[in-house]
């Protein structure tokens with residue numbers, strides 16, 4: 001059978017089913033790298049399923065939103081690889097990079113209207129080739145170090161890739177010395193154990209089967225740990241988590257007092273949230289006006305004022321906190337890492353200073369490029385964070401969060417305009433969501449089980465490489481066009 005939707009080509013049931021399956025596996029690959037895969041979704045929706053290009057773009061955003069939403073939910077309560085008090089998402093970077101990315105994206109939308117398609121495709125290939133080269137180089141270097149550590153472990157030298165004292169991460173003089181004892185940190189400090197990446201209700205289901213099931217002799221299974229000291233019931237979360245982790249030799253109870261609670265930088269998060277809501281309102285208003293009209297220009301100016309405020313305030317705030325870390329002048333107990341007399345920096349942290357002005361500049365250029373190429377930006381944000389020596393797990397988690405906010409603003413715009421086909425939009429949202437959580441859980445599992453964060457980097461390289469071949473196909477298939485047009489047309 002076939003069915004139609006206003007603004008779409010005829011879509012058959014077979015092409016839709018086949019396309020959704022391909023999109024599901026594409027979402028798994030992309031989410032493992034911390035990106036949504038907009039550069040892959042549009043060709044699938046356009047070439048395989050049969051939507052027209054404009055509808056494919058809208059549905060791709062719905063897929064990305066579902067993908068990123070589940071990635072963010074998985075990442076929100078994870079710990080930093082080096083400092084268990086810190087969250088996995090690098091909120092300091094979000095404070096500066098995200099508004100810069102939005103500013104670049106808005107500028108890129110204006111420029112894209114005048115750029116010839118062939119030139120855009122060539123630009124895409126050049127940018128993606130550079131991203132593949134530098135990201136792949138970073139991944140190979142990390143893999144060599146991981147292999148060295150694994151060989152040392154086999155030879156009796158026990159190191160943990162995510163501990164503060166791992167040779168992989170260095171032990172510079174200004175690196176934070178965790179207050180958690182070293183023998184405990186090596187087991188409990190990693191961001192991920194198997195239990196920490198599986199949704200709690202699945203842990204409970206697994207625990208029930210394990211506690212009340214029977215072994216091969218028909219005898220009831222009993223915990224090898226003996227009676228629990230917990231005052232809670234058998235479904236106590238910490239007990240469930242512990243039993244689940246035992247299957248992978250991770251014997252950590254997340255309720256253990258040695259693991260401190262995650263200290264979120266609520267001041268930074270509040271600024272990000274308030275500015276984003278105000279930006280979203282201005283963005284929706286701006287899209288009600290035609291390009292180059294007075295209403296459009298005023299709304300755009302307000303957007304840039306908001307973004308400039310967040311970047312300026314954020315840089316001053318982060319530079320001040322960075323200088324405090326260097327001097328060891330930690331007095332504010334509400335700040336992450338200040339519960340004890342920490343002196344120095346956490347490995348993988350951006351060194352905020354006057355020279356860090358390159359961070360918003362690079363992010364702005366990524367925003368411009370992403371708008372020109374029609375991608376979400378995660379494919380380029382990931383390599384940029386890796387270039388700034390941000391750890392791979394932190395980079396993927398941070399990238400997925402920023403991309404979620406960026407995609408949400410675009411979906412809100414199309415919802416206001418009534419251009420989202422809800423039936424198809426809901427279907428691709430669900431596919432993206434399930435693909436997103438599957439890929440993210442698998443990625444974190446591989447990092448925890450095999451101690452190879454380089455898998456995340458190579459996943460990103462794979463996504464970038466697929467995008468290059470797609471743009472090559474566009475150049476071959478698309479009519480050559482080098483004609484510039486007016487930005488107001």
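In the UniProt record's numbering, the protein residues as written are 1 to 489.
A virtual CB, placed ideally from N, CA and C, is assigned to each residue, including glycine.
Treat the numbers as computed from the prediction; the structure is a model and nothing was measured.
List the residues that DSSP assigns as beta-bridge partners of residue 396.
According to DSSP, residue 396 bridges with nothing at all.
Taking residue 22 as part of the alpha helix (DSSP H), name the residues at either end of that continuous run.
13 to 32 is the extent of the alpha helix (DSSP H) around residue 22.
Residue range of the alpha helix (DSSP H) that residue 316 falls in?
Start and end: 294 to 327.
Can you grab the Cα-Cα spacing for the pair residue 347 / residue 389, in whole Å?
Residue 347 and residue 389: Cα-Cα distance of roughly 9 Å.
When the Cα atoms are used, what is the spatial distance from residue 457 to residue 116?
Annotation: residue 457 to residue 116 spans about 32 Å, alpha carbon to alpha carbon.
Euclidean distance between Cα positions of residue 14 and residue 37:
Their Cα atoms are separated by approximately 23 Å.
For residue 80, the nearest candidate out of 345, 379, 352 (CA to CA):
Looking from the CA of residue 80, the closest CA among 345, 379, 352 belongs to 345.
Note down the Cα distance separating residue 151 from residue 145, rounded to an integer number of angstroms.
Roughly 10 Å between the two C-alpha positions.
Please look up how many angstroms separate the CB atoms of residue 492 and residue 403, rounded, as I've assumed it's under 8 Å.
This structure leaves residue 492 out entirely; the chain is present only between 1 and 489.
Kindly indicate which three-state DSSP category residue 260 falls into: helix, strand or coil?
In this structure, residue 260 counts as coil in the three-state DSSP scheme.
How many angstroms separate the CA atom of residue 68 from the CA atom of residue 379?
For residue 68 and residue 379, the gap between their C-alpha atoms comes out near 13 Å.
Collapsed DSSP secondary structure at residue 471 in the structure displayed
In the structure shown, residue 471 falls within a helical segment according to DSSP collapsed to helix, strand and coil.
Going by alpha carbons, who is nearest to residue 309 out of 29, 49, 97, 62?
Residue 97 is the option with its Cα nearest to residue 309.
How long is the line joining the alpha carbons of residue 65 and residue 448, rounded to whole angstroms?
Using only the alpha carbons, I get a separation of about 26 Å.
C-alpha gap between residue 140 and residue 294, whole angstroms
Answer to the nearest angstrom: the Cα atoms are 51 Å apart.
Identified DSSP bridge partners for residue 79:
Beta-bridge pairing links residue 79 to 87.
Using the C-alpha atoms, what's the distance from residue 370 back to residue 353?
So the alpha carbons of these two residues sit roughly 27 Å apart.
Alpha carbons only, please: which of 349, 351, 399, 386 is nearest the one belonging to residue 367?
Closest option to residue 367, Cα to Cα, is 399.
Is residue 131 helix, strand or coil when you go by DSSP?
If DSSP states are grouped into helix, strand and coil, residue 131 belongs with the helices.
Below 8 Å CB to CB, which residues in the same chain sit around residue 425 once its five sequence neighbours on both sides are set aside?
The beta carbon of residue 425 sits closer than 8 Å to those of 58, 59, 62, all from its chain and outside the five residues before and after it, given in chain order.
Assuming residue 27 and residue 432 form a contact by the criterion Cβ under 8 Å, report the distance between their Cβ atoms to the nearest whole angstrom.
Between residue 432 and residue 27 the Cβ distance is about 5 Å, and since that is below 8 Å, they are a contact.
Using 8 Å for Cβ pairs, my map puts residue 280 next to residue 409. What's the rounded Cβ distance?
Rounded, the Cβ-Cβ distance is 6 Å, consistent with contact.
Would you decide whether residue 406 is buried or exposed? Buried here means 16 or more other CB atoms lie within 10 Å of its CB.
By the neighbour-count criterion, in which a residue is buried when 16 or more other Cβ atoms sit within 10 angstroms of its Cβ, residue 406 is buried.
Residue from 434, 314, 420 whose Cα sits closest to the Cα of residue 99:
Nearest C-alpha to residue 99: 314.
How would you label residue 52, buried or exposed, when you count the other beta carbons within 10 angstroms and need 16 or more for buried?
Classification of residue 52: exposed, given that the 10 Å Cβ count is below 16.
Element boundaries [alpha helix (DSSP H), containing residue 281]:
Residue 281 -> alpha helix (DSSP H) spans 266 to 286.
I need the straight-line Cα distance from residue 442 to residue 386, nearest angstrom please.
Taken atom to atom, the span from the alpha-carbon of residue 442 to that of residue 386 is near 21 Å.
DSSP three-state assignment for residue 487, whether helix, strand or coil
The three-state secondary structure of residue 487, taken from DSSP, is coil.
Does DSSP classify residue 549 as helix, strand or coil?
Outside the modelled stretch of the chain, which goes from 1 to 489, sits residue 549, for which no answer is possible.
Between residue 268 and residue 282, what straight-line distance do the alpha-carbon atoms span, to the nearest angstrom?
Residue 268 and residue 282 have their C-alpha atoms some 21 Å from each other.
If contacts are defined as beta-carbon pairs under 8 Å, then residue 436 and residue 31 qualify, I think. What distance do you get, rounded to the angstrom?
Confirmed, about 4 Å.
Could you give the first and the last residue of the continuous alpha helix (DSSP H) run that contains residue 382?
First-last of the alpha helix (DSSP H) with residue 382: 378 to 387.
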